[in-house]
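Remarks on the structure that follows.
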Amino acid sequence: MNNLFSQFWPYTIDGLSLGAIYALVALGYTMVYGVLRLINFAHSEIFMIGTFAALGTLHLIGMPANVGGFALVGLVLLLAVAGGVASGGSAVILEYVAYRPLRRRGASRLAALISAIGASLFLQQLFARLVIPKAFGLPKEKGALPVQGHFAHKSDVIHIGSFELSNDKLIVIVGAVLMMIALDMFVNRTKLGRGIRATAQDPETAVLMGVNIDRIVTATFALGGAMAGVAAALYMLRFEETRFDVGFLLGIKAFTAAVLGGIGNLRGALVGGIVLGLIEMYGAAVFGSQWQDVVAFSVLVLVLMFRPTGLLGESLQQARA
Amino acid sequence: MNDSTNTNPLTRMRGGYTSFSDSIHDRWATAPRWARWVVYLLLIVLAIALPADGIGSFMSPYTDWPTLLFFPIGGYILLAIGLNVVVGQAGMLDLGYVAFFAIGGYGMAVFGTKYGWSFWEILVVGVLLSALSGILLGAPTLRLRGDYLAIVTLGFGEIVRKTANNWNYIGGPNGIGGIPHPPTLTEWTIPDNGLFDAIGIGGVQPFKYGALDGKPYYYLMLVLIILAIVFVKRLEASRVGRAWASIREDEDAAELMGVPTFKFKLAAFAIGAAIGGAGGVMYASQAVSIIPTNFPFILSATILAAVVLGGSGNLPGVILGAFLVAWIPERIRGLQEYRVLVFGAVLVILMIFRPEGLLPSRRRKAELAEGEGGMGSMGAEVGGPVTVGAGEGVE
């Protein structure tokens, strides 16, 4: 307990930056769920692909070291674009290969979930066995090890009393919030966004009104994937290493965040992500870091007992997603 | 798009398969009682003869076949039967089923090593313990529906594994070693002659549980599986089974018709958990040592895949699914590091071609055909056969 009070600000900042990454990944889950009522289990692998796209970009530009200041902001922007394109693209391909055929046959959601689990296993192993060893010149058996990429020069930008904010965490938090706002505006202001909302609300009527469902689904996966890709770039900035199963626990946490905030609800994903990040860090401070996952899931169970549809509720249709 | 025409060979193949399995279904439904018993007996004899070397050399050229038959194959089948009660019959999505398997396993380990109880006592206690934990998890959370329940159960699975990992009393990350085997009942050996030799079980000591021979464990698992099948089958045909079906189809309607939904959901959870716990006790008693990583999330996912792959709600289908899910990765061990990769791809492909499972339950199929089945369909109204045309037309 003392630990928490004496180190309150560091834990809070860590929680916020972790929560921001959860929130960005949670968006992908929540959007796909809103439109298709499907838990896209392979979304964690979409995130993993983003981290490797970012890492590959770093290798391509000759692995810069100790980048600081505005150069770092520019570099992260580049990584975010690379991650976003790679993740968005693979999400679209994933939908085309693993979900669309099932959707056409009117398969049950459970069948789609199994297909998603299969795709998730396939992508993880594809990277562990083939892509990582080949692309990063590692011996084959090293495919399962963490791959590192140190590039940022981390320094404190704000320093007031015990409140210290380092540049990487600032970029993570600000970047995530900017992406959230952009997505929220996209979904609420554009024609495509209106299509997404209409489909989430009532797919049958949306089709009758001339909405092209297939295009909407593709756009949903592309947007959700791109968000995961940006999250992946921010993750690389924050933790500087990745591995083939990096998405697994993070994916579960992000999905938890989506449920915590109210699945299908874009703003719920933000709230859920931040809350989950903070709870985890405070839980680690009080009970020790080995219990942080247990604390996070226990809080989820508690919250759902009292608010069975999450903190903000499920109201995706009401002009939210 | 290319599979929406009837001339496509794949579509025809699928149609042929479906009508084949339907005709078997019809035969079975009208078969007289004695014919069914003959089939049951034949299946049991087949199961008893299954560990024979001749079968093993084809089925599993890379690992010891009887041990493989015990776990993963037998273990997965037992777990799938248990999960099928929750998912297939009561229609609740459980993503943390491995938790009950772990509780059974750790029950065996703790009572066996720290208190010196025997396997048979622990089997009873472990089953009760798992059922109790199912009730403890279910009581506060079964108000939740669908995917909320799924994520809570997933969280429960992770909590159990992490707790095992962090709790030093049960060994932390090192787990527990030296778990006793079941006590040997009798040294009796199957006579090594004629008939028994012909089906490949001559010279086996079926009740001597040692470290080397996997066959006695397999037979024990077989007994447990048969008991579970009989138990679940009887439940399915009873008032409880009908209550589960009504909950699966429409919970609100069931509640309005006077079905105490909460009570029956809790019962499904407890029964599923009990069967999972029995599997865990068995597993730990053979494995000698268990560690928290024996109980990963992916095991829950695999068992769920077995249930859905085989045909959720239909017991023969579920057993077939569990067998395939356990056996395929072992059979393709020759592919070594690529086997999980291939397994993932196989799951996707099978789901694309048989989304209703290999041997779907007829009742479920009829429900799905109506449009909105118990679990609904993915984007139900979006991609169903009826509206595909509309979706395409706008393109």
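Chains as they are written, first to last, in this note's numbering: chain P, 1 to 321; chain A, 322 to 716.
Don't be surprised by glycine CBs; every beta carbon is placed ideally from N, CA and C.
Under 7 Å between beta-carbons, which chain P residues line up against residue i? List them in chain order, please.
i: A:ARG464; result: PRO308
i: A:SER633; result: LEU110
Could you check how far apart the C-beta atoms of residue i and residue j are, in whole angstroms? I think they sit under 8 Å.
i: A:VAL602; j: A:MET429; result: 4 Å
i: A:VAL408; j: A:LEU625; result: 7 Å
i: P:GLU240; j: P:GLY149; result: 6 Å
i: P:GLY332; j: P:ALA200; result: This structure cannot settle anything about residue 332 of chain P, because the visible part of chain P is limited to 1 through 321.
i: P:ALA322; j: P:LEU38; result: Residue 322 of chain P lies beyond the range of chain P shown here (1 to 321); nothing can be said about it.
i: P:GLY261; j: P:LEU311; result: 5 Å
i: A:GLY499; j: A:VAL667; result: Actually they do not touch by this definition, with Cβ atoms about 38 Å apart.
i: P:HIS171; j: P:VAL67; result: According to the sequence shown, residue 171 of chain P is Ile rather than His. Not really, about 11 Å apart at Cβ, beyond 8 Å.
What residues of chain P sit near residue i, judged by a beta carbon separation below 9 Å?
i: A:LEU668; result: ILE114, SER115, ILE117, GLY118, ALA119, LEU121, PHE122
i: A:TYR469; result: VAL259, ILE263, LEU304, PRO308, THR309, GLY310
i: A:PHE664; result: GLY118, LEU121, PHE122, GLN125
i: A:LYS435; result: Per Cβ cutoff of 9 Å: no residues; A:LYS435 is ~23 Å from chain P at best.
i: A:VAL445; result: Ordered by position in chain P, no residue passes the 9 Å Cβ test against A:VAL445, which lies about 29 Å from the chain.
Exposed or buried, which one is residue i when buried takes at least 16 other CB atoms within 10 Å?
i: P:PHE70; result: exposed
i: P:GLN125; result: buried
i: P:SER108; result: buried
i: A:SER340; result: exposed
i: A:PRO676; result: buried
i: A:GLY704; result: Because A:GLY704 carries a pLDDT of 32, less than 50, the predicted location of this residue cannot be relied on, and the following value inherits that uncertainty. So A:GLY704 ends up on the buried side.
i: A:TRP778; result: Nothing can be reported for residue 778 of chain A, as the shown portion of chain A is limited to 322 through 716.
i: A:LEU367; result: exposed
i: A:ALA566; result: buried
i: P:VAL303; result: buried
i: A:GLY695; result: With a pLDDT of only 34 at A:GLY695, under the threshold of 50, the placement of this residue in the model should not be trusted, and no figure is reported.
i: A:GLU572; result: buried
i: P:LEU123; result: buried
i: P:ASN2; result: exposed
i: P:GLN345; result: This structure gives no information on residue 345 of chain P, because the portion of chain P shown stretches from 1 to 321.
i: P:ALA65; result: exposed
i: P:PRO101; result: buried
i: P:TYR29; result: buried
Cβ closer than 8 Å: which chain A residues qualify as neighbours of residue i?
i: P:GLN148; result: Correct list: empty, because the minimum Cβ distance to chain A is about 23 Å.
i: P:SER44; result: None at all; the shortest Cβ gap to chain A is about 11 Å.
i: P:MET48; result: In chain order: nothing, as chain A lies at least about 14 Å away.
i: P:ILE39; result: ASP468, ALA471
i: P:ARG194; result: Under the 8 Å cutoff, chain A gives no residues; its nearest Cβ is about 15 Å from P:ARG194.
Mind checking which residues open and close the alpha helix (DSSP H) that includes residue i?
i: P:VAL157; result: No alpha helix (DSSP H) holds P:VAL157; the beta strand (DSSP E) holding it covers 156–160.
i: P:SER120; result: 109–126
i: A:GLU726; result: It is not possible to answer for residue 726 of chain A, since the shown part of chain A is limited to 322 through 716.
i: P:PHE5; result: 2–6
i: A:SER454; result: 440–462
i: A:SER621; result: 618–631
i: P:LEU276; result: 266–287
i: P:LEU208; result: 203–208
i: A:SER610; result: It is not in any alpha helix (DSSP H) - A:SER610 carries neither H nor E in the DSSP assignment.
i: A:PHE644; result: 636–652
i: P:GLY229; result: 213–239
i: A:PHE422; result: 419–435
i: A:MET578; result: Neither: A:MET578 is in no alpha helix (DSSP H) and is coded neither H nor E.
i: A:LEU363; result: 354–370
List, in chain order, every chain P residue whose beta-carbon is nearer than 8 Å to that of residue i.
i: A:PRO461; result: VAL301, MET305
i: A:TYR659; result: GLN125, ARG129
What does residue i reach in chain A if we use C-beta pairs closer than 7 Å?
i: P:PHE255; result: ILE472
i: P:PHE52; result: Under the 7 Å cutoff, chain A gives no residues; its nearest Cβ is about 16 Å from P:PHE52.
i: P:VAL294; result: ILE480, LYS483, THR484
i: P:SER298; result: ILE480
Mind listing the chain A neighbours of residue i? Cutoff is C-beta to C-beta under 9 Å, in chain order.
i: P:ALA26; result: Result: empty, since nearest Cβ-Cβ is about 12 Å, beyond 9 Å.
i: P:ILE252; result: ILE472, LEU475, GLY476, GLU479, PHE618
i: P:ALA98; result: VAL669, MET672, ILE673
i: P:SER289; result: In chain order: nothing, as chain A lies at least about 10 Å away.
i: P:ARG243; result: Under the 9 Å cutoff, chain A gives no residues; its nearest Cβ is about 15 Å from P:ARG243.
Where do the ends of the beta strand (DSSP E) carrying residue i lie?
i: A:GLU658; result: Taken as a continuous stretch (DSSP letters only), A:GLU658 belongs to no beta strand (DSSP E), as it is neither H nor E.
i: P:SER166; result: 163–166
(request) Check whether the stretch 268–281 of chain P touches the stretch 10–17 of chain P, taking contact to mean three or more Cβ pairs, one atom from each stretch, closer than 8 Å. (result) Yes: the two stretches touch, three or more of their Cβ pairs being nearer than 8 Å.
(request) Report yes or no: do three or more beta-carbon pairs, one from the stretch 256–271 of chain P and one from the stretch 11–29 of chain P, lie closer than 8 Å? (result) Verdict: yes, contact present.
(request) Assess, as a yes-or-no matter, whether the stretch 465–484 of chain A is touched by the stretch 576–584 of chain A under the definition of 3 or more beta carbon pairs within less than 8 Å. (result) A contact between stretches requires three or more CB pairs, one per stretch, nearer than 8 Å, and the stretch 576–584 of chain A fails this requirement with the stretch 465–484 of chain A.
(request) Kindly confirm or deny that the stretch 629–645 of chain A and the stretch 72–88 of chain P touch, where touching means at least three C-beta pairs closer than 8 Å. (result) The answer is no - the stretch 72–88 of chain P does not touch the stretch 629–645 of chain A, with fewer than three Cβ pairs under 8 Å.
(request) Report yes or no: do the stretch 595–609 of chain A and the stretch 422–438 of chain A share at least 3 C-beta pairs separated by less than 8 Å? (result) Yes: at least three Cβ pairs fall under 8 Å.
(message) Taking contact to mean 3 or more Cβ pairs, one atom from each stretch, closer than 8 Å, check whether the stretch 446–453 of chain A and the stretch 592–599 of chain A are in contact.
(response) Yes: at least three Cβ pairs fall under 8 Å.
(request) Count the CB pairs spanning the stretch 284–299 of chain P and the stretch 348–361 of chain A that are closer than 8 Å, and state whether there are at least three. (result) No contact exists between the stretch 284–299 of chain P and the stretch 348–361 of chain A.
(request) Count the CB pairs spanning the stretch 531–543 of chain A and the stretch 373–390 of chain A that are closer than 8 Å, and state whether there are at least three. (result) Touching, yes.
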